[in-house]
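Below is one structure, written out as structure tokens; comments come after it.
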């Protein structure tokens, strides 16, 4: 998948790809990876998050999906706490 984000005179492109792991005792192995792309976190044009949540084990896909859903919320709260809710600052 590719996502384009336009920022003033700059155009950025993001892409992701995942591949199922291999196992010596299994013919095919399920891909449990989940991707996460969040641009403009907290409405900040310079704050983006990119991640691949790499699931393992019997519940790997479920755990990776949980991380995908909760990571942005958690990080946004931590950023707000760090700046005491005041994100009004100049960024180069």
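Residue numbers (this note's numbering): 4 to 95.
Think of the CB as a built atom: it goes at the ideal place given N, C-alpha and C, for glycine as much as any other residue.
For residue 39, the three-state secondary structure derived from DSSP is strand.
A distance of 8 Å or more separates the beta carbons of residue 70 and residue 44.
In the three-state reduction of the DSSP assignment, residue 45 falls in the helix class. Rounded to whole angstroms, the Cβ separation of residue 36 and residue 58 is 6 Å, and the two are in contact under 8 Å. Counting only residues of its own chain and dropping the five nearest sequence neighbours on each side, residue 38 has a CB closer than 6 Å to the CB of 19, 55. In the three-state scheme derived from DSSP, where H, G and I count as helix and E and B as strand, residue 22 is classed as coil.
Taking the CA atoms as reference points, residue 86 sits about 17 Å from residue 51. Bounds of the alpha helix (DSSP H) holding residue 67 are 63-85. According to the DSSP assignment, residue 50 belongs to no beta strand (DSSP E), since it is labelled neither H nor E.
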